[in-house]
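Undergrad:
Protein chains: 2
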Amino acid sequence: MRPTVHDIAAAAGVSLATVDRVLNQRPGVRHVTREKVETAIRDLGYVRDVAAANLAKGRVYPLTFILPASDNSFMHGLNAEIRAAIARSAAERTDIRIVEVPAFDPQALVRELETVAAERPSGIALVATDAPEVKAIVDRLVHDGIPVVTLVSDLTGSLRHHYAGVDNIAAGRTAARLLGRFLGGAKGEIAVLAGSMLVRDHRERLEGFASVMAQEFPALHLLPVLEGRDDPEVAHKLIADALGKNGGIIGIYSLGAGNRGLIRALKEKAADRALTVIAHELTAHTRAALLDGTIDAILNQDAGHEVRSAIRVLKAKADGLAVIDAQERIRLDIFLKDNLP
Amino acid sequence: MRPTVHDIAAAAGVSLATVDRVLNQRPGVRHVTREKVETAIRDLGYVRDVAAANLAKGRVYPLTFILPASDNSFMHGLNAEIRAAIARSAAERTDIRIVEVPAFDPQALVRELETVAAERPSGIALVATDAPEVKAIVDRLVHDGIPVVTLVSDLTGSLRHHYAGVDNIAAGRTAARLLGRFLGGAKGEIAVLAGSMLVRDHRERLEGFASVMAQEFPALHLLPVLEGRDDPEVAHKLIADALGKNGGIIGIYSLGAGNRGLIRALKEKAADRALTVIAHELTAHTRAALLDGTIDAILNQDAGHEVRSAIRVLKAKADGLAVIDAQERIRLDIFLKDNLP
DNA sequence: CCAATTTTGATGTACGTAAATCAAAAAAAT
DNA sequence: ATTTTTTTGATTTACGTACATCAAAATTGG
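Heads up: the sequence lines are chains E and F, in that order. Mapping to the numbering used here: the first sequence position 201 is 201, numbers consecutive. If you want the numbering used here, it's the 1-based position in the second sequence plus 341.
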């Protein structure tokens, strides 16, 4: 049987109350006594029964998710997954709140973080805008003992406890290799459609993509990045223009959202051309395009996994428990038409 | 606040004891009373606090994993992941046992299942050998109320509650498309190295692979399957022979284990040839081969995820709870050298 | 209508921990 | 040595559920 507080009390030769004081870092325990108890804890391999503890404490984990108010499929999906987690709140002892802030606005994010922190939640998950002032306040929250995880987009060099998202540099590199290999040894131009170079994840994807392209596929030439602002209309125009003007384009990498516009442009302008296309994020549109051959591969991050992982990590950090690293790694999904879920 | 047994007792106008009788299907409750209580449960949206219930019951989940005694990296990894789960037993209230049975021996598996079932565990996870007698006993166990999940390899048409493994047909199809696309429009022969055609997952991978090859890449011709019995030595010999005799081989799909032998053969015989190689299972060997360019892509199933998923599902089934389907889907990982974990 | 039976209620204990109170003991300060 | 302060012990209640027991009420059978 696994040891209980009674067992450590007996082993350490102290009372239950003292064990409790040590376990819950209450004052009034002499140093030597505390050490006796801690030794007993280690010797017996005692681990607090979190379920029983939470029951006794009547504990719930108030968690706050801070998301950019972006109107694209991915953010909608992320929102839906958080709401699904809210529906499971009772069983998971969580009390999850979603807060939206203007996208790409560090100041707004900072203000919201301050507001949220004032409520002393058990944890905060945020889609980070990569700015120094955001890093500063995140570091302060961590310092104040509030668990913080970044979601989808990370925060360079910050003290956040965890990042629940994919490695975007690896994603870009993977896209490059897939595109390069799919194109065989062909020579030609590659168009890159991004949302905005102001967003860290897009920058990183491009960085990874460009680096593998340059190193390993010199026959392919990258055109200047098209910034579609994750907007289908803008994306449509940019891609249609590019395809119209440049007959040498043989591949496209769409590393952001707004793929609806991309797909439309492809169907209008490139039905006859043998284009190889790699896009990010599996949505109803990209899925259909993958199945009908308009897109050749989709790179995806599973929003559901990201949300569940963020919650698990925040709860674990709030309890000072370890996380299973391998379980919390968010993988880059590569979908061909054959392995769609 | 979420409702408790006290709340339903009050709402139904009965005593706590009666609510308890209904909840735990104890006898001595009139039909009408039972209905009153069940209505209250539904109206208030009561869900049993599993943590508190388990605490009260002093419940542990005795789970048994039945694995084939195969000496390959994947099974070793699977074993290690189960042992890691055993290390977490205390926190997860599980009591996990690993049982090994001779590989590919339905009778032995049936006997072991009978022995294990006699101990009435909370759940059984097994790497199924796909045989009618195995299906029969699994169906019987399910019928007797023992949760059963298949692991890695499924059992056709059985009543098992869940399958914790990848879709192997999709895996084969994906391999075919990757190989076909990587080879551009080239014409040539494709060698397929399997473990044994007696194993369901290998058969399915081949089936998916062959079907996409035939449909979409007619320029590529499949050679007869080489059965390497998941043994590095055998695999080495088979591949070395094939490469020696057949100069037309331009691609290899290794859908089983024993990749150590494959890799050695490739380095000896094909250092100069432009072979495209796709293999299954990420191990230290295949990882190194992917990085040095000997292998072009690795398809993988994450044994850790499979084990954790099997445990979650078994516990949930034992408690009659729902599972989050999306969370329990085991994904096919596609690794290029750029997105290795 | 009474007895036998079934159904229901009331109550207590337990699970492992948290948290509080008050008394007792030990240590430190005077 | 006495007082003050700190440390420790003993005990209780609570969390939400499970489970057991005994008494009381309701229902059924004769």
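Backbone N, C-alpha and C fix where the C-beta goes; we use that ideal spot for every residue, glycine too.
Looking only at its own chain, which residues have a Cβ that is under 6 Å from the Cβ of L579 of chain F, when we skip the five neighbours before and after it?
TA: In the second sequence, residue 579 of chain F corresponds to position 238, counting from 1. The residues are L567 and G569.
Undergrad: In the DSSP assignment, the alpha helix (DSSP H) including A581 of chain F goes from what residue to what residue?
TA: By one-based count along the second sequence, residue 581 of chain F stands at place 240. P573 to K586 is the extent of the alpha helix (DSSP H) around A581 of chain F.
Undergrad: Taking the alpha-carbon positions, what's the H31 of chain E to S15 of chain E distance?
TA: Residue 31 of chain E sits at position 31 when you count from the first residue of the first sequence. Residue 15 of chain E sits at position 15 when you count from the first residue of the first sequence. Cα-Cα distance, rounded: 16 Å.
Undergrad: Under 9 Å Cβ-Cβ, which residues of chain E neighbour D571 of chain F?
TA: Here residue 571 of chain F is taken as the residue at index 230 of the second sequence, counted from 1. Those within 9 Å of D571 of chain F in chain E number zero; the least Cβ separation is about 23 Å.
Undergrad: With a CB to CB cut of under 6 Å and the five nearest residues on each side skipped, what residues in its chain are close to D571 of chain F?
TA: Residue mapping note: residue 571 of chain F aligns to position 230 of the second sequence, counting from 1. So the list reads N413, G536, G597, A598 and G599, once near-sequence residues are dropped.
Undergrad: Please state if the CB of R362 of chain F and the CB of G354 of chain F are separated by a distance shorter than 8 Å.
TA: In the second sequence, the residue the question calls residue 354 of chain F occupies position 13. In the second sequence, the residue the question calls residue 362 of chain F occupies position 21. No, these two residues do not count as a Cβ contact at 8 Å.
Undergrad: Quick one: give me the first and last residue of the alpha helix (DSSP H) that S122 of chain E is part of.
TA: In the first sequence, the residue the question calls residue 122 of chain E occupies position 122. Careful: S122 of chain E lies outside any alpha helix (DSSP H) and carries neither H nor E.
Undergrad: Which full runs of the alpha helix (DSSP H) of 4+ residues lie inside the segment 69-101 of chain E, going along the chain?
TA: For the segment 69-101 of chain E, whole alpha helix (DSSP H) runs of length 4 or above, ordered along the chain, are 73-87 and 89-92.
Undergrad: Could one say the Cβ of I250 of chain E lies closer than 8 Å to chain F's Cβ atoms, at least one of them?
TA: Taking the first residue of the first sequence as 1, we reach residue 250 of chain E at position 250. Judged by the 8 Å Cβ criterion, I250 of chain E is not in contact with chain F.
Undergrad: So, at 8 Å on beta carbons, what are the nonlocal neighbours of R514 of chain F in its own chain, with the 5 sequence-adjacent residues on each side left out?
TA: For the purposes of this step, residue 514 of chain F is taken as the residue at position 173 of the second sequence. Here the set comprises G549, F550, S552 and V553.
Undergrad: In chain E, what lies closer than 7 Å to R367 of chain F by C-beta?
TA: Taking the second sequence and counting its residues from 1, the one referred to as residue 367 of chain F is at position 26. Here the premise fails: no neighbours, minimum Cβ distance about 23 Å.
Undergrad: Spatial neighbours of A532 of chain F within its chain, please: CB distance less than 6 Å, with the 5 preceding and 5 following residues excluded, ordered by chain position.
TA: Residue mapping note: residue 532 of chain F aligns to position 191 of the second sequence, counting from 1. Within the same chain, A532 of chain F has close Cβ partners L564, A583, I590 and I593.
Undergrad: Output the distance between the C-alpha atoms of V360 of chain F and D384 of chain F, rounded to the nearest integer angstrom.
TA: Taking the second sequence and counting its residues from 1, the one referred to as residue 360 of chain F is at position 19. Taking the second sequence and counting its residues from 1, the one referred to as residue 384 of chain F is at position 43. Spanning the two alpha carbons is a distance of roughly 14 Å.
Undergrad: In the DSSP assignment, what residue or residues form a beta bridge with P62 of chain E?
TA: One-based indexing of the first sequence puts residue 62 of chain E at position 62. Partner(s): E:D95.
Undergrad: Leaving out the 5 sequence neighbours to the left and right, which residues in its chain are closer than 7 Å to V475 of chain F when beta-carbon positions are compared?
TA: Here residue 475 of chain F refers to the residue found at position 134 when the second sequence is read from its first residue. So the qualifying residues of the chain are P447, L450, V451, A469 and L496.
Undergrad: On the three-state DSSP scale, how would you describe N300 of chain E?
TA: One-based indexing of the first sequence puts residue 300 of chain E at position 300. Looking at N300 of chain E - three-state DSSP - the assignment turns out to be strand.
Undergrad: Could you please give the first and the last residue of the uninterrupted alpha helix (DSSP H) stretch that includes T39 of chain E?
TA: Against the first sequence, residue 39 of chain E aligns to sequence position 39. That run of the alpha helix (DSSP H) goes H31 to L44.
Undergrad: 8 Å is my cut-off, CB to CB: does F65 of chain E come that close to chain F?
TA: Taking the first sequence and counting its residues from 1, one reaches residue 65 of chain E at position 65. F65 of chain E does not count as touching chain F.
Undergrad: Using the Cβ count rule (16 or more neighbours within 10 Å means buried), how would you classify D272 of chain E?
TA: As a working note, residue 272 of chain E is residue 272 in the first sequence. D272 of chain E comes out exposed.
Undergrad: Closest to I652 of chain F by CA distance: which of F:R461, F:P682 and F:E422 is it?
TA: Translated into positions along the second sequence, residue 652 of chain F becomes position 311. That would be F:E422, whose Cα lies nearest to the Cα of I652 of chain F.
Undergrad: Looking only at its chain, what residues have a beta carbon closer than 7 Å to the beta carbon of A69 of chain E, apart from the 5 residues adjacent to it on each side?
TA: The count along the first sequence starts at 1 and reaches residue 69 of chain E at position 69. Closer than 7 Å at Cβ, skipping near neighbours: E100, V101, P102 and A103.
Undergrad: How would you call R181 of chain E, buried or exposed, if buried means at least 16 neighbouring beta carbons within 10 angstroms?
TA: The residue labelled residue 181 of chain E in the question sits at position 181 within the first sequence. R181 of chain E comes out buried.
Undergrad: Give me, in chain order, the residues of the same chain whose beta-carbon lies closer than 7 Å to that of R605 of chain F; leave out the 5 immediate sequence neighbours on both sides.
TA: Looking up residue 605 of chain F in the second sequence gives position 264. So the list reads H577, once near-sequence residues are dropped.
Undergrad: Taking only runs that begin and end inside the segment 187-226 of chain E, name each unbroken alpha helix (DSSP H) of 4 or more residues, in chain order.
TA: The qualifying runs are 200-216.
Undergrad: Could you tell me which uninterrupted alpha helix (DSSP H) segments, each at least 4 residues in length, are contained entirely in the segment 651-677 of chain F, listed from first to last along the chain?
TA: Segments of the alpha helix (DSSP H) lying fully in the segment 651-677 of chain F: 666-669.
Undergrad: Are the beta-carbon atoms belonging to A164 of chain E and R205 of chain E less than 8 Å from one another?
TA: Start at 1 with the first residue of the first sequence, and residue 164 of chain E comes out as number 164. Start at 1 with the first residue of the first sequence, and residue 205 of chain E comes out as number 205. No.
Undergrad: Determine the chain E residues that contact R302 of chain F at a beta-carbon separation under 7 Å, and present them in chain order.
TA: Since the first residue of chain F shown is 342 and the last is 682, residue 302 of chain F is not available in this structure.
Undergrad: Do we get a CB-CB distance below 8 Å when we pair D679 of chain F with the residues of chain E?
TA: Position 338 of the second sequence holds residue 679 of chain F. For D679 of chain F, the answer is yes, since a Cβ of chain E falls inside 8 Å of its Cβ.
Undergrad: My understanding is that A638 of chain F touches I665 of chain F, with C-beta atoms under 8 Å, so please give their C-beta distance in whole angstroms.
TA: On the second sequence, position 297 is the one that residue 638 of chain F refers to. On the second sequence, position 324 is the one that residue 665 of chain F refers to. Rounded, the Cβ-Cβ distance is 29 Å, inconsistent with contact.
Undergrad: Between which residues of its own chain and T405 of chain F is the CB-CB distance below 7 Å, once the five residues before and five after are set aside?
TA: Start at 1 with the first residue of the second sequence, and residue 405 of chain F comes out as number 64. Excluding positions up to five away in sequence, the list reads R438, V440, V457, P462 and I465.
Undergrad: Starting from L357 of chain F, trace the alpha helix (DSSP H) in both directions and tell me its first and last residue.
TA: Position 16 of the second sequence, counted from the start, is the residue given in the question as residue 357 of chain F. Its alpha helix (DSSP H) spans residues L357 to L364.
Undergrad: Would you mind telling me which residues of chain F sit closer than 7 Å to D333 of chain E, beta carbon to beta carbon, in chain order?
TA: Reading the first sequence from its first residue, position 333 is the one you call residue 333 of chain E. Those are R672, listed as they occur along chain F.
Undergrad: Hey, quick one: how far does the alpha helix (DSSP H) through H143 of chain E stretch, first residue to last?
TA: Residue 143 of chain E sits at position 143 when you count from the first residue of the first sequence. From DSSP, the alpha helix (DSSP H) with H143 of chain E extends over P132 to H143.
Undergrad: Our contact map puts F415 of chain F next to E609 of chain F with C-beta atoms below 8 Å; I'd like the distance itself, whole angstroms only.
TA: Indexing the second sequence from 1 puts residue 415 of chain F at position 74. Indexing the second sequence from 1 puts residue 609 of chain F at position 268. 24 Å between Cβ atoms; not a contact.
Undergrad: Measuring only the C-alpha atoms, how far is A393 of chain F from A51 of chain E?
TA: One-based indexing of the second sequence puts residue 393 of chain F at position 52. One-based indexing of the first sequence puts residue 51 of chain E at position 51. Rounded to whole angstroms, A393 of chain F to A51 of chain E spans 7 Å at the Cα level.
Undergrad: Exposed or buried, N509 of chain F, counting other C-beta atoms within 10 Å across all chains shown (16 or more means buried)?
TA: As a first step, residue 509 of chain F is located in the second sequence; it is residue number 168 there, counting from the start. Burial call: buried.
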